[in-house]
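Student:
In full-length UniProt numbering, the protein residues as written are 1 to 362.
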């Protein structure tokens, strides 16, 4: 049994829980938050923040599963999950229809009819009636995209409904903090308890790879991972790839003793498995932004706007604008030094992307 790398929600929650390593403190916090809400009526809206592959969906699924496994909580809470891709949401009314559809197909059909009549208030009332006194636990993946879709006015309508109904609690995810919840200019400012998802530590990833080896009966790899040499190899890869769960699940499926002991074959196997993921993401970028990402990958470390502009043959203004878009989409990060607070230094957000592009001849 393995976790689908991009759709953990497809795995039954109890099986997903059995595959979980690390993040125990965060999971306990989230589970208790849901259970407490069922007991006392509190509604602590929560936003899980972490980059792609950090395990946001996984953590959300497990917290819900653990909390709703308690009968008293299950009786008091109606879980409503909005699909991760959120492709059908382009307005606040669309969001309400998706909420209704997630509850039942019949309610979804009624909501669709009310949408045609331009009656969002009617949809809100129908959803609350369906909850029958239970707290609606609304889970929304990629909240930043949903907020972009419904716009500022829609965000305000959602906030008004949530506050006036006193029956809705939101658990959401996003790849990074965004203006819709961090800026005073938007309706939801200050309304979410933000939980940053930590990387898996070396002990966690060692456990993850070991468990994968045990499941497929690779006893030689299990023994090697328990040795000092195996530990050194895991530490070296962790230093390179970081503690993103998706990376380690990919590695756990393609590594054996020979590859891990030699180290380089293990890293190459990981990069090869990640090729479709990175290819698709890179191809979706405009050509000018692709060039900046590749140029950063060819560098040993961070570079300035003017340096990058000169390297790819564009103006500083064009490079700065493109880097701003890449930063907003979490491709790059920017930082400043204490010696010069005016100059921004840019680098790739994912360390492994540099190695991938070099591996592929970029």
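Ideal Cβ placement from N, Cα and C applies to all residues, glycine included.
Note that the structure is a prediction, hence the values are computed from the model and not measured.
1) Closest to residue 129 by C-alpha separation, out of 168, 337 and 303, would be which residue?
2) Here's the rule: buried if 16 or more other CB atoms are within 10 angstroms of the residue's CB, otherwise exposed. What is residue 94?
3) Jot down the residue ranges of each uninterrupted beta strand (DSSP E) in the stretch 65–96, minimum 3 residues, whole runs only, in chain order.
4) Find out if the Cβ-Cβ distance for the pair residue 251, residue 209 is shorter than 9 Å.
5) By alpha-carbon positions, which one of 347, 51 and 31 ends up nearest to residue 174?
6) In the DSSP output, which residue or residues are listed as bridge partners for residue 195?
7) If we require 4 or more residues per run, which alpha helix (DSSP H) segments fall completely within the stretch 236–260?
8) Compute the Euclidean distance between the alpha carbons of residue 322 and residue 178, then round it to the nearest angstrom.
9) My assumption, with CB atoms under 8 Å, is that residue 102 sits in contact with residue 126. Please give the rounded CB distance.
10) State the start and end residues of the unbroken alpha helix (DSSP H) segment that holds residue 176.
11) Can you tell me whether DSSP reads residue 303 as helix, strand or coil?
12) Quick one, are the C-beta atoms of residue 200 and residue 248 less than 9 Å apart?
13) Kindly indicate the opening and closing residues of the alpha helix (DSSP H) around residue 344.
14) Give the DSSP bridge partners of residue 138, in chain order.
15) How would you write the range of the alpha helix (DSSP H) that residue 210 sits in, first residue to last?
16) Would you call residue 363 buried or exposed, if buried means 16 or more other Cβ atoms sit within 10 Å of its Cβ?
17) Helix, strand or coil for residue 333, going by three-state DSSP, please let me know.
18) Return the CA-CA distance between residue 287 and residue 66, expressed in angstroms with no decimal places.
19) Is residue 312 helix, strand or coil when you go by DSSP?
20) For residue 121, name the three-state secondary structure that DSSP assigns.
21) Can you have a look at residue 229 and say buried or exposed, based on whether 16 or more other CB atoms are within 10 angstroms of its CB?
22) Compute the distance between the beta-carbons of residue 305 and residue 344, then report whether it is under 9 Å.
23) Give me the Cα-Cα distance between residue 237 and residue 263, rounded to the nearest whole angstrom.
24) Given that a residue counts as buried once 16 or more other Cβ atoms are within 10 Å of its Cβ, and exposed if not, what is residue 41?
25) With C-beta atoms as the reference, is residue 211 less than 9 Å away from residue 27?
26) Tell whether a beta-carbon distance below 9 Å holds between residue 356 and residue 296.
27) Does the contact criterion of 3 or more C-beta pairs under 8 Å hold for the stretch 71–91 versus the stretch 137–146?
28) My understanding is that residue 47 touches residue 146, with C-beta atoms under 8 Å, so please give their C-beta distance in whole angstroms.
29) Classify residue 366 as buried or exposed, calling it buried when 16 or more other Cβ atoms lie within 10 Å of its own Cβ.
30) Only counting the same chain, and skipping five residues up and downstream in sequence, which positions put a Cβ closer than 6 Å to that of residue 73?
31) Check the C-beta distance from residue 144 over to residue 180 and give it rounded, since I have them as a contact under 8 Å.
32) Of the choices 71, 70, 16 and 335, whose alpha-carbon is the least far from that of residue 301?
33) Just the C-alpha distance for residue 191 and residue 232, rounded to the nearest angstrom, thanks.
Tutor: Looking at the atomic coordinates:
1) Position 129 of the chain shown, counted from the start, is the residue given in the question as residue 129. Of the candidates 168, 337 and 303, the one whose C-alpha sits nearest the C-alpha of residue 129 is 168.
2) If you number the chain shown from 1, residue 94 lands on position 94. Per the 10 Å Cβ criterion, buried.
3) 77–82
4) Position 251 of the chain shown, counted from the first residue, corresponds to residue 251. Position 209 of the chain shown, counted from the first residue, corresponds to residue 209. Going by C-beta atoms, residue 251 is nearer than 9 Å to residue 209.
5) Position 174 of the chain shown, counted from the first residue, corresponds to residue 174. Cα-wise, what sits closest to residue 174 is 51.
6) Within the chain shown, residue 195 is the residue found at index 195, counting from 1. According to DSSP, which records beta bridges pairwise, residue 195 is partnered with 48.
7) 245–254
8) Position 322 of the chain shown holds residue 322. Position 178 of the chain shown holds residue 178. Cα to Cα, residue 322 sits roughly 18 Å from residue 178.
9) Here the question's residue 102 lines up with position 102 in the chain shown. Here the question's residue 126 lines up with position 126 in the chain shown. That belief does not hold up - the Cβ atoms of residue 102 and residue 126 are roughly 13 Å apart, past 8 Å.
10) Here the question's residue 176 lines up with position 176 in the chain shown. From DSSP, residue 176 is part of no alpha helix (DSSP H); its letter is neither H nor E.
11) As a working mapping, residue 303 is identified with position 303 in the chain shown. Looking at residue 303 - three-state DSSP - the assignment turns out to be strand.
12) One-based indexing of the chain shown puts residue 200 at position 200. One-based indexing of the chain shown puts residue 248 at position 248. Going by C-beta atoms, residue 200 is nearer than 9 Å to residue 248.
13) The residue given as residue 344 occupies position 344 in the chain shown. Here residue 344 belongs to no alpha helix (DSSP H), and DSSP marks it neither H nor E.
14) As a first step, residue 138 is located in the chain shown; it is residue number 138 there, counting from the start. Per DSSP, 80 and 170.
15) In the chain shown, counting from the first residue as 1, residue 210 sits at position 210. It spans 202–215 - the alpha helix (DSSP H) in which residue 210 sits, taken as one unbroken run.
16) What is shown of the chain runs 1 to 362, which leaves residue 363 out entirely.
17) Start at 1 with the first residue of the chain shown, and residue 333 comes out as number 333. In the structure shown, residue 333 sits in a strand (DSSP, three-state: E or B).
18) Translated into the one-based positions of the chain shown, residue 287 becomes position 287. Translated into the one-based positions of the chain shown, residue 66 becomes position 66. Straight-line Cα distance between these residues: approximately 45 Å.
19) If you number the chain shown from 1, residue 312 lands on position 312. Three-state result, residue 312: helix.
20) Mapped onto the chain shown, residue 121 falls at position 121. DSSP places residue 121 in helix when its eight states are reduced to three.
21) Against the chain shown, residue 229 aligns to sequence position 229. Exposed, by the Cβ-count rule.
22) Taking the chain shown and counting its residues from 1, one reaches residue 305 at position 305. Taking the chain shown and counting its residues from 1, one reaches residue 344 at position 344. Yes, these two residues count as a Cβ contact at 9 Å.
23) Residue mapping note: residue 237 aligns to position 237 of the chain shown, counting from 1. Residue mapping note: residue 263 aligns to position 263 of the chain shown, counting from 1. Taking the straight line from one Cα to the other gives about 8 Å.
24) Taking the chain shown and counting its residues from 1, one reaches residue 41 at position 41. Exposed is the call here.
25) One-based indexing of the chain shown puts residue 211 at position 211. One-based indexing of the chain shown puts residue 27 at position 27. For residue 211 and residue 27, no; Cβs fall outside 9 Å.
26) For the purposes of this step, residue 356 is identified with residue 356 of the chain shown, where counting begins at 1. For the purposes of this step, residue 296 is identified with residue 296 of the chain shown, where counting begins at 1. Going by C-beta atoms, residue 356 is not nearer than 9 Å to residue 296.
27) yes
28) Here residue 47 refers to the residue found at position 47 when the chain shown is read from its first residue. Here residue 146 refers to the residue found at position 146 when the chain shown is read from its first residue. About 12 Å; that fails the 8 Å criterion.
29) Residue 366 is absent from the model: the chain starts at 1 and stops at 362.
30) The sequence position of residue 73 within the chain shown is 73, counting from 1. Closer than 6 Å at Cβ, skipping near neighbours: 35, 38 and 67.
31) Along the chain shown, read from residue 1 onward, the residue named residue 144 stands at position 144. Along the chain shown, read from residue 1 onward, the residue named residue 180 stands at position 180. Rounded, the Cβ-Cβ distance is 7 Å, consistent with contact.
32) Walking along the chain shown from the start, residue 301 turns up at place 301. Ranking 71, 70, 16 and 335 by Cα distance to residue 301 puts 335 first.
33) Walking along the chain shown from the start, residue 191 turns up at place 191. Walking along the chain shown from the start, residue 232 turns up at place 232. Rounded to the nearest angstrom, the two C-alpha atoms are 44 Å apart.
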